[in-house]
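The sequence shown finishes on residue 340 if you use this note's numbering, and the numbering steps up by one all the way, no holes.
Backbone N, C-alpha and C fix where the C-beta goes; we use that ideal spot for every residue, glycine too.
On a predicted model such as this, the values are computed, not experimentally measured, just so you know.
Taking it in order: structure first as structure tokens, then the write-up.
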Amino acid sequence: MQAKKGDNVQVHYTGKLEDGSVFDSSVQREPLGFTLGGGQMIQGFDTAVHGMVVGDKKTVTIPAAEAYGERRDDMMIDVPLTQVPENIKPEIGMQLTLQGGNGQPMPVTVTNMDEEKITLDANHQLAGKDLIFDIELVKIG
């Protein structure tokens, strides 16, 4: 039976960057479960699993546009130091969480600082990167 839209599937995966570095893997954990075509996964991953049968293994390269999108300059935010809470001592590379306009948490990274402001990058850390996934379909249903 081939995996199709609407199926609940379980996969093992290893996600790598083009330089071979691993950014995530389920191999030492439980398989990842999701509904195929349900919008829970990045588009390219969802597409890759479609049509697989239990036991199939494949390696796919997902372009940035089908993963976390391209990096966007409008996701760079300058914040005056006067607006940074006193208990936060920002450093370049520090991960912070802002509250988005809809109340959702928005992870950001401090990318620059000067005497007046800090610059926060709200792009996903994998934005602009092509991703390589080793995928094994473990279960359908």
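Considering only the alpha carbon of each residue, which of the options lies closest to residue i?
{"i": "Lys203", "options": "Pro279, Gly327, Glu315 and Val252", "result": "Val252"}
{"i": "Val248", "options": "Met275, Tyr212, Leu216 and Asp223", "result": "Tyr212"}
{"i": "Leu325", "options": "Gly302, Gly299 and Pro262", "result": "Pro262"}
{"i": "Asn311", "options": "Leu319, Pro304 and Met305", "result": "Leu319"}
{"i": "Met240", "options": "Val226, Gln227 and Val210", "result": "Val210"}
{"i": "Asp218", "options": "Ile291, Thr281, Gln303 and Thr260", "result": "Thr260"}
{"i": "Lys257", "options": "Thr234, Ile331 and Asn301", "result": "Ile331"}
{"i": "Asn322", "options": "Leu336, Thr296 and Ile334", "result": "Thr296"}
{"i": "Lys328", "options": "Met305, Gly243 and Gln282", "result": "Gly243"}
{"i": "Asp333", "options": "Gln294, Gly300, Gly254 and Asp273", "result": "Gly254"}
Can you list, in chain order, the residues of its chain whose CB lies under 8 angstroms from that of residue i, leaving out five sequence neighbours each side?
{"i": "Thr246", "result": "Glu265"}
Please list, in chain order, all residues of the same chain as residue i whose beta carbon is under 6 angstroms from its beta carbon, the five residues on each side excluded.
{"i": "Ile317", "result": "Val278, Pro289 and Val309"}
{"i": "Lys338", "result": "Gln209"}
Name the DSSP bridge partner or partners of residue i?
{"i": "Gly214", "result": "Asp223 and Phe332"}
{"i": "Lys338", "result": "Gln209"}
Can you name, in chain order, every residue of its own chain whose Cβ lies under 7 angstroms from the Cβ of residue i, other than the five neighbours on each side?
{"i": "Glu315", "result": "Pro279 and Leu280"}
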